[in-house]
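Using this note's numbering, the letters of the sequence shown correspond one by one to residues 4 to 386. Inspection log for the structure reproduced underneath, given as structure tokens.
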Amino acid sequence: MAKPKTSLTAVERRAEELDTIAAVLPMERRDELAELLTDQDVETLRHLVNQGMGDNTLRALTSDLAYLEAWGLAATGQSLPWPAPEALLLKFVAHHLWDPQHRETDPDHGMPADVDEDLRSQGFLRSAGPHAPSTVRRRLANWSTLTKWRGFDGAFASPSVKSAIRLAVRAVPRTRGRKSAKAVTGDVLAKLLATCATDSLRDLRDRAILMVAFASGGRRRSEIAGLRCEQLSIEPPIPIDNGAPLPSIAIHLGRTKTTSGEQDDVVYLTGRPVEALNAWRAAAKIDSGSVFRGIGRWGTVSRRAIDPQSINAILKQRVELAGLERGEFSAHGLRSGYLTEAANRGIPLPEAMEQSRHRSVQQASSYYNSATRREGQASRLLG
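Okay, here's the thing in structure tokens:
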């Protein structure tokens, strides 16, 4: 007689439901999220997946929802109410935007110590001090979006909430830092590639990741992690003087941060990056599905795509192996580095933007490092 199937607990059921959307919404902390999120939270995420929302937007919503639920439990002892009352929104602002100098004389100012400790123990808080205003605004915006998807109206646009944010930002001015303190320019990239010199699977994969991410215009880590063989198409070789033609492939980006799935944005790879990509795919025997995958302890190549955060971890590991300062670089440095290198080589910004796929000249030019501008002719008109 067959043994009756044990009924799943609520947490186990949510974990299984989260698994069903993992292909669209990769999550490293599935079991932890299953304990933190409510049944309605998971149902909301499933609904958003079915609505065809962009992967990056879904990841941000999930991350912020998890943080908000954790903060709500730590601050009030209860899950978030839907819709959230205005007083709770004001409490959120007060806990996250505060003046460090004022806190020295008033320990009750800002986030309470027990709430801070609770969030920090769960890994939701890492750095000390108040949050960046942009982070607070983003979390409030996502909170508002989730509220609307649940069919409620919120107090997010109330004058008191807007005023609280404005006054808090004015009281604690912050200089916005770069996502990567230093750009991964050509010389830095060469040092990182030198650490991938063997024919091991890990070296072949990491070399391909670095070269493809940089040469394709500084692709975002989510685009590299989510790259699939079906997005690649072989192009005619590029002829060069006094040498063999260079291999070329096109990458069809599909939906990105700044495009819809209906647009077919295409970028191109030529020469060494193509060779590196082909070498990895041949060694890992990848001819369909995800291009970049995890590698197990015994050299087993996973069937699942690598996580976007792993792109950052790989770059930092290579930075460390190259003898550079780990904290000065991140995966986003490949994006700023591509444009900075283009500027260093005299490539016109519009041409570089065709490969990076930036929509705004102002946004693209902001990635050029100050050193490039400092050394340029624009700063030496009276020199």
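Glycine residues also receive a C-beta, built at the ideal position from the N, C-alpha and C atoms. Since we're looking at a predicted model, the values are computed, not measured.
Using a 10 Å radius around the Cβ and a threshold of 16 neighbouring Cβ atoms, would you call residue i buried or exposed?
i, result
"residue 276", "buried"
"residue 13", "exposed"
"residue 98", "buried"
"residue 186", "buried"
"residue 134", "buried"
"residue 129", "exposed"
"residue 392", "Nothing can be reported for residue 392, as the shown portion of the chain is limited to 4 through 386."
"residue 344", "buried"
"residue 326", "exposed"
"residue 156", "exposed"
"residue 340", "buried"
"residue 283", "buried"
"residue 15", "exposed"
"residue 323", "exposed"
"residue 199", "buried"
"residue 351", "exposed"
"residue 216", "buried"
"residue 222", "buried"
"residue 60", "exposed"
"residue 387", "Outside the shown range of the chain, which is 4 to 386, sits residue 387, and nothing can be said about it."
"residue 330", "exposed"
Using DSSP's beta-bridge definition, name the partner residues of residue i.
i, result
"residue 273", "251"
"residue 298", "304"
"residue 293", "231"
Anyone know if the C-beta pair for residue i and residue j falls short of 8 Å?
i, j, result
"residue 195", "residue 213", "yes"
"residue 74", "residue 122", "yes"
"residue 252", "residue 272", "yes"
"residue 314", "residue 193", "no"
"residue 268", "residue 169", "no"
"residue 332", "residue 309", "no"
"residue 139", "residue 78", "no"
"residue 44", "residue 72", "yes"
"residue 304", "residue 204", "yes"
"residue 159", "residue 143", "yes"
"residue 255", "residue 152", "no"
"residue 164", "residue 93", "yes"
"residue 91", "residue 82", "no"
"residue 242", "residue 250", "no"
"residue 270", "residue 336", "no"
"residue 280", "residue 211", "yes"
"residue 317", "residue 202", "no"
"residue 307", "residue 293", "yes"
"residue 161", "residue 238", "no"
Where does the unbroken alpha helix (DSSP H) through residue i begin, and where does it stop?
i, result
"residue 95", "89 to 99"
"residue 343", "335 to 347"
"residue 311", "311 to 324"
"residue 358", "352 to 359"
Requested in this report: Just list the alpha helix (DSSP H) runs in the segment 179 to 247, keeping only unbroken ones of 4 residues or longer that don't cross its boundaries, in chain order.
Outcome: If you keep only unbroken alpha helix (DSSP H) runs of at least 4 residues inside the segment 179 to 247, you get 189 to 196, 204 to 218, 224 to 228.
Query raised in the report: Can you give, in chain order, each stretch of the alpha helix (DSSP H) that sits fully within the segment 101 to 142 and has at least 4 residues?
Result: With a minimum length of 4 residues, the continuous alpha helix (DSSP H) runs that stay inside the segment 101 to 142 are 103 to 108, 116 to 124.
**Report entry** Unbroken stretches of the beta strand (DSSP E), 3 residues or longer, contained in the segment 41 to 85
**Finding:** Restricted to the segment 41 to 85, not a single beta strand (DSSP E) segment is unbroken, complete and at least 3 residues in length.
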